[in-house]
Every structure is written in structure tokens, then in C-alpha cells.
Amino acid sequence: VIGGSKAPDNTIPWQTLLSIDGQRGGGMVIADRWIMTAAHVLKHNGISASNESVRIYMGLTDVKAPSLSPVSAASIHIHPGYNNLHGLDYNNDIALIKLQDPITFNSSIMPICLPAEDATYVTGMMGLVSGFGITEIDNRRILSNQLNYVQLPVVEQGPCSDSITLAKKTRDSVPSLTNNMFCAGVPEGGKDSCQGDSGGPFALRDDGRFWAAGIVSWGVDCGHRGTYGVYTKVTNYLDWINKTMQEN
Amino acid sequence: CWRLPGSEPLMHGEVKSPEYPRPYPPNLQQQWDLSVPEGYQLRLTFTHLDIEASAGCHYDALTVLYDEKVLGKFCGHENSADGHHPGNQPILSPGNRLTLILQTDDSNPERHQNVGFLAQYQAKDIDECSAPEPEDGSGPLCSQICLNTLGSYLCSCHHGFELRSDQRSCVLSCRGGIFDEPEGYLSSPGYPNAPTHAVSCQYIISVESGFTVSLNFTDNFNIESVDTQQGPNCLHHWLQVTIPDREPMKLCGGKSPGLIVTNSNTVTLDYHTDNDGMSNGWSLDYSTHRVKCPYPGNVAKGRVTPVLAEYLYRDYIFVRCDQGYKLMMDGQEMESFSTMCQSNGQWHLPLPECHIIDCGEPKPLLNGGVTFLSGFQNQYRSVVQYHCNEPFYSLLGGVNVSFTCEADRRWRSNSDIVVSPTCIPVCGQPTKLIRAYQR
Chain A
1 VIGGSKAPDN TIPWQTLLSI DGQRGGGMVI ADRWIMTAAH VLKHNGISAS
51 NESVRIYMGL TDVKAPSLSP VSAASIHIHP GYNNLHGLDY NNDIALIKLQ
101 DPITFNSSIM PICLPAEDAT YVTGMMGLVS GFGITEIDNR RILSNQLNYV
151 QLPVVEQGPC SDSITLAKKT RDSVPSLTNN MFCAGVPEGG KDSCQGDSGG
201 PFALRDDGRF WAAGIVSWGV DCGHRGTYGV YTKVTNYLDW INKTMQEN
Chain B
249 CWRLPGSEPL MHGEVKSPEY PRPYPPNLQQ QWDLSVPEGY QLRLTFTHLD
299 IEASAGCHYD ALTVLYDEKV LGKFCGHENS ADGHHPGNQP ILSPGNRLTL
349 ILQTDDSNPE RHQNVGFLAQ YQAKDIDECS APEPEDGSGP LCSQICLNTL
399 GSYLCSCHHG FELRSDQRSC VLSCRGGIFD EPEGYLSSPG YPNAPTHAVS
449 CQYIISVESG FTVSLNFTDN FNIESVDTQQ GPNCLHHWLQ VTIPDREPMK
499 LCGGKSPGLI VTNSNTVTLD YHTDNDGMSN GWSLDYSTHR VKCPYPGNVA
549 KGRVTPVLAE YLYRDYIFVR CDQGYKLMMD GQEMESFSTM CQSNGQWHLP
599 LPECHIIDCG EPKPLLNGGV TFLSGFQNQY RSVVQYHCNE PFYSLLGGVN
649 VSFTCEADRR WRSNSDIVVS PTCIPVCGQP TKLIRAYQR
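Protein chains in written order, with our numbering: chain A, 1 to 248; chain B, 249 to 687.
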């Protein structure tokens, strides 16, 4: 998280840290046996991570905490429409992990709500993005051992698409924006999610409840002026999420 | 020799002269031996008789005989001036046989051709019982009771007597003295008359176990007693009443003992007289009553049904517990209970108890708990309430529901829910919010 702050304990209790073959990613608790994350966290170059390779940490804000202990995955469910062999297609960047044992919730571990069927993404609405990914301290970018968060507004699809088009002119191999994605960030830069936050939550708040509006997916650079973070639009996947959980 | 089938004497028949209704031939001597079964008389009725008439039926005649006794000799016809015509009156044989003999001479009147006779015969039952006593001094056909039957008769005897092997005379009898019907009548031989000989009779009244016998002597009671210094003594004649497990009672005198309640299902009566003295005897009606069982009592928190004034042999009672209570006996629960009044006057099972039911521990609630609101040890009418571990879980439906231990041993909510409630996770509401006051 660029330009954010350290999250106090128990403020983002749905945040999970995933560690897969040394790669760091984020996730969120959505039920007592289910974690939602980004597909690209679990699948590289067309190869899915094994259940055993996935270590899931939850209820923590400090990776160095002595009580750190992973929970095991029982099964991994990557969206069937995710096909990102060359790292250029983040459409359907969503996945579910079923845990071997159910979690008992408390103040440090709590699920985030799924979107309502009629949930909307209002431009400018501030969302809470969090993660253990790259952060910036004293102008140096380092991988954070603390859970950081930043409040980012939902960005209209048009300007976001324009920013990506612009980026494509100056560099090769920039992914495309689809209707299964939305953008969040500030045009002046300085606040953004970054590498290592992937799979983590973009949470909106309604009636005092946080709901999972987006999943940290991709972006051009982190926190640069004129660029935005791109998030998987969770409302588009409610049917798949419910179906996957019911069938498993 | 065996009698061939079909050769039984007929009950009725017809007999006619040769060649009837054409004239009979001359020089005829023909005999018919008619018979009907034993025990019947034979009655012969002429429907037509036309035989040459002559004085004394000298020339042609039809003679009717029983054994060798001539019952009639007939000739002529209905309107003839001479001869002897039987007319319409039937001829009744003293026994079951009759012989007819038709005899004709060698000449017949030229102008009148006689056609002979046609007669019908039939069996007529003999009422042997109304027959006069034989004069040979052998006495009446039956010494006591005569019953006429078709073709025969039967002798029978009054109560206390038995038919001898001669099937006609009766003798005093004490045999067959076991009475097992629920009620009946007994009397001494010859009652109300004194028997002519000494008697020693035993009567056993033995009814089904579970019933008791009561003897009710009629007023006409007469058994000879001997007056002694200690009072009347049943010295030579007596009726002894023996009830099991009790001292036998000897009865005599002229006063009826009236009602004797034995409280036993078996009573033995021994009647003894000698050849001397005079006892007219006794009679009694006996009846039976069902054995009584003690009042069963009450059951706390239960009901005993039916409620009767008294409980008798074979009566059943049932015990039902009040709602919320269960039937228990010897530490075991019973689905239902009934007991029967036995023949020994005892209930076959003692009454059970009614214990309050319990619903067992309320089903534990995952991520929640249960609180007792009222009641004791999960017993009937206890009330519990489920709760979830807030703020992380909330009850599905959102309303706190209390469950009551009902009579069907299930915890039920007011809305009749049997299953335990469910705690669902609370989402998106962290206990601590990120606060930022800097602007």
C-alpha cells in the first residue's frame, strides 16, 4: 500500500495474508471456511498452486508476530474464465480457497460481507484498500511486514480506461480494462495498492458494514500520477461465488 | 340272515285282489301278509270291496286276521242286502301286522261280475305311555316318567334318581354330583320326600377360580337331628358343608341355614342318612360372585381408571400420568400400564409411579450458548434461551427465542420450532474502526 497507514489491530479483521511459494498475496475472509482472493495469486503461467503450497494467515497486522500460524487449504477454486498465461489478461481475476477447518470468529478475525445483489459502485465513493504489499518509507519502496491501508475513491470507468490507453502508448504489454474490473485511486498519485497486496480487499461501507467491492488485481506502476489501481468487480461474480461455496 | 336294503316294512301301501278292477278268478286262495315297522299299529282302509255276497260270506270271502285272531270276514258290496261289507270304517290291527286271505269258490254269478277289493294301509304310531298297565303284574311301562316317541317310547326319572339298566325302573342316585356352572339348583334325593333307603351322596360345587360360591338353602329344610343335652346333634342324618381351609359344618334340624357365603370357589356337600328315621331333605340355589380386589389407591400426578365402587376378578385398571409425567416402575419407564384383578383377589402388578419427564440437555449451539430462564434440571416446563457469541455471531432470524421442555420431551419454541437455532457470523463490522481526525 502506497501512501497509506499502518492498520491498528482488529480494524480490518477480514484481511488475510497468503504465502505461496515465497510469493506474498492478500485475501479476505468471506465465510468460516472460505477465503476470497485474486486468481493470479494462485495461478502463475497457467499452473495452479497446490493446496499444500498455500499458507494462509489471518487475524494479524504484523507478519513478525510470534503467534503466526497458518491455516491449511482444503481446495482451491479459480474462476474458470481466468486465462492469463502471459500476464496480460486479468479478466475474471477471482478465486476462492476452501479451508480445511472452519474458523471461529472473534475481534481479530471476522468475515467481510459480500455485495448485495443490487450493490452499486458510485464514483468517488471511498474504499478501504489494505495489504501486506509494497509500501514506501522515506521514498524507498519496501515489502511491508505491517498491515497497511489506504482510503481510495472509486474512479469512473472512462478516465481509468483513458489512463490505461495512455500507458499502452508508452510501454508494451499493458493489460486491458474489462467490465469485470473497476478502478480506484487518485489522479495525482501517491496513494495506491501495490505488489503484494493482490487478492486483498477493496472494501466499501454501507450502513455501518464493510462489503467486499473489489479484489486488488493489477495496475500500471503504483501510486504514479495519472494511474489507478484496477480491482476485480466482485458484484459480477456473486452467482459464481455462491455456486462454488454451495457445491463445495 | 340280514335284512336286505329296501326290505324294511313300509309305512304305508296298497293291496288289491288279483286282476282288480276286473273280476277276480274262481277257485282262489290268496294271502297277503301286511306289516309296518315295530312300534306302530297297522290301519287298513278299504277304498272298494265287491265280493260275491252270501250269508256268512260262505262262498267268497276276504278274511282279515291278526295272528290267528279273525278281525273280520267280508263280502258283498256297499249296497248289497246280504253279505258283510266293512264300509268306510278302517280296521286297526292290535300290532304292526295284518293278514288278508281271499278265498273264492268255483262259480260266480252270471249276471254280476264281482271285481274284488282295493285297500290302503298305513302305519299309526302307538302311544305306549297311555296304554293301560299290563295285567300280568309287571307294573307300569316306566316306573316314573314315560315319553312317547314315534314308533317307540322312553323312560326317564325324576331328579335324584337314575334309570336302571332295564330302561324302565328308577333308582336313587347320587352320581354326577359335580356342579361347575356359575349358578344352579341342588336337592337331596327324592326331595321334598324322604328317600326310602339310606343315602350317602356327595355334591361338589366347583366353579372357576376367581369366583366364590354362595349357598342359599330354601326354607323347606328337614334333616333329622337328635336332641342331646348340648342341644340338637346331627348324629345319624346330616348334611356336611366343607369349604377348603375351614372346619367342615354339619347341618341338620328343621330350620333352613339360609344363605351361606363360602368365599371359596369349591364347596363339598356330603348328605348322609341311615335306614332309620325320617329326613325329607333339603334344596338350595347356589350362585357365584367374582372375587374382590382391594381398592387400588391413587397415583400422584396420575389417574387410575376406571373408577369403580369395587374392583372384581378380571377387572382391569389403567394408569395414565398427567401431562409432562411418565410411567415408571422399578426404575424402568413404561409406555402404558394396566393391571388385572386376579383370581386370588390381588392385582397382578402393583401401581406404577408418575415421574416428571425431562428433555435432556438442550442441544449445544455452535458459536453460542444456552441460558436457563426457569425450571429445574431440564424438566418439564423448564425454559431455556439460546444466544450467540456477539458481536461476532447473531441468531439466524435475529430474534432471541426461548425454548420450553414440552410434554413430548422436546425443546420447543413458542412458534413450535423443534430444531435448535443457528448462529450466523456477523460480517463487515469490526470491533474497532479506523479513526482519522486530521483534515
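Beta carbons: idealized from backbone N, C-alpha and C, even for Gly.
Rounded C-beta distance between residue i and residue j? I'm assuming under 8 Å.
i, j, result
"Pro382(B)", "Asn344(B)", "Not a contact, Cβ separation roughly 18 Å."
"Tyr519(B)", "Leu487(B)", "5 Å"
"Phe409(B)", "Leu420(B)", "6 Å"
"Thr284(A)", "Gln146(A)", "No statement about residue 284(A) is possible, as the shown extent of chain A runs from 1 to 248 and does not include it."
"Ile508(B)", "Val489(B)", "7 Å"
"Tyr641(B)", "Ile672(B)", "7 Å"
"Ala184(A)", "Val129(A)", "7 Å"
"Cys305(B)", "His325(B)", "The Cβ separation is near 12 Å, so there is no contact."
"Asn626(B)", "Cys607(B)", "5 Å"
Does residue i come out as helix, strand or coil in the three-state DSSP assignment?
i, result
"Tyr82(A)", "coil"
"His234(B)", "Residue 234(B) falls outside the range modelled here, since chain B spans only 249 to 687, and no answer is possible."
"Met249(A)", "A question about residue 249(A) goes unanswered here, because the residues of chain A that appear run from 1 up to 248."
"Tyr628(B)", "coil"
"Glu376(B)", "helix"
"Gly676(B)", "coil"
"Gly335(B)", "coil"
"Cys541(B)", "strand"
"Gly304(B)", "helix"
"Thr235(A)", "helix"
"Trp240(A)", "helix"
"Glu410(B)", "strand"
"Ile605(B)", "coil"
"Lys64(A)", "coil"
"Arg141(A)", "strand"
"Asp493(B)", "coil"
"Cys390(B)", "coil"
"Lys503(B)", "coil"
What's the call for residue i, buried or exposed, on a 16-neighbour Cβ count within 10 Å?
i, result
"Pro274(B)", "exposed"
"His77(A)", "buried"
"Val547(B)", "buried"
"His40(A)", "buried"
"Phe624(B)", "exposed"
"Ile471(B)", "buried"
"Gln677(B)", "buried"
"Ile137(A)", "exposed"
"Ser448(B)", "exposed"
"Ser67(A)", "exposed"
"Val212(A)", "At residue 212(A) the sequence reads Ala, which differs from the Val that was named. Flag for Ala212(A) reads buried."
"Tyr685(B)", "exposed"
"Phe469(B)", "buried"
"Met110(A)", "buried"
"Met58(A)", "buried"
"Lys574(B)", "buried"
Would you give the residue range spanned by the alpha helix (DSSP H) that residue i belongs to?
i, result
"Ala167(A)", "Gln157 to Thr170"
"Val41(A)", "Ala39 to Leu42"
Determine the extent of the beta strand (DSSP E) in which residue i is found, giving its start and end residues.
i, result
"Pro673(B)", "Cys671 to Pro673"
"Leu621(B)", "Gly616 to Ser622"
"His520(B)", "Thr514 to His520"
"Phe182(A)", "Met181 to Ala184"
"Trp218(A)", "Arg209 to Gly219"
"His260(B)", "His260 to Lys264"
"Tyr451(B)", "Ser448 to Ser454"
"Pro201(A)", "Pro201 to Asp206"
"Leu420(B)", "Cys418 to Leu420"
"Trp280(B)", "Gln277 to Ser283"
"Arg291(B)", "Tyr288 to Asp298"
"Thr16(A)", "Gln15 to Ile20"
Using 6 Å as the cut-off, classify the Cβ of residue i as near or not near the heavy atoms of the ligand COA, replying yes or no.
i, result
"Ile604(B)", "Ligands are entirely absent from the displayed structure, and the ligand COA is therefore not among its contents."
Check distances from the C-beta atoms of the segment 88 to 114 of chain A to those of chain B and list, in chain order, the residues that come in under 7 Å. Thr104, Phe105, Asn106, Ser107, Met110, Pro111, Ile112 and Cys113
If contact means a Cβ-Cβ distance below 8 Å, which residues of the segment 604 to 636 of chain B contact chain A? Asn615
Given a limit of 9 Å on CB to CB distance, which residues of the segment 147 to 165 of chain A reach chain B? Tyr149 and Gln151
What residues in the segment 199 to 220 of chain A have a beta carbon less than 7 Å from any beta carbon of chain B? Listed in sequence order: Gly208, Arg209, Phe210 and Trp211.
According to a CB-to-CB cut-off of less than 7 Å, which residues of the segment 548 to 565 of chain B neighbour chain A? none
Using a Cβ-Cβ cutoff of 8 Å, what residues of the segment 41 to 69 of chain A are near chain C? List them in chain order. The displayed structure is made up of protein chains A and B, and chain C is not among them.
Interface residues of the segment 647 to 660 of chain B facing chain A [CB-CB below 7 Å]: none
Just by C-beta distance, which residues in the segment 584 to 596 of chain B are closer than 9 Å to chain A? Taken residue by residue, none of the segment 584 to 596 of chain B has a beta-carbon sitting less than 9 Å from a beta-carbon on chain A.
Positions along the segment 670 to 681 of chain B whose CB lies within less than 9 Å of some CB in chain A: Here the close residues are Pro673, Val674, Cys675, Gly676, Gln677, Pro678, Thr679, Lys680 and Leu681.
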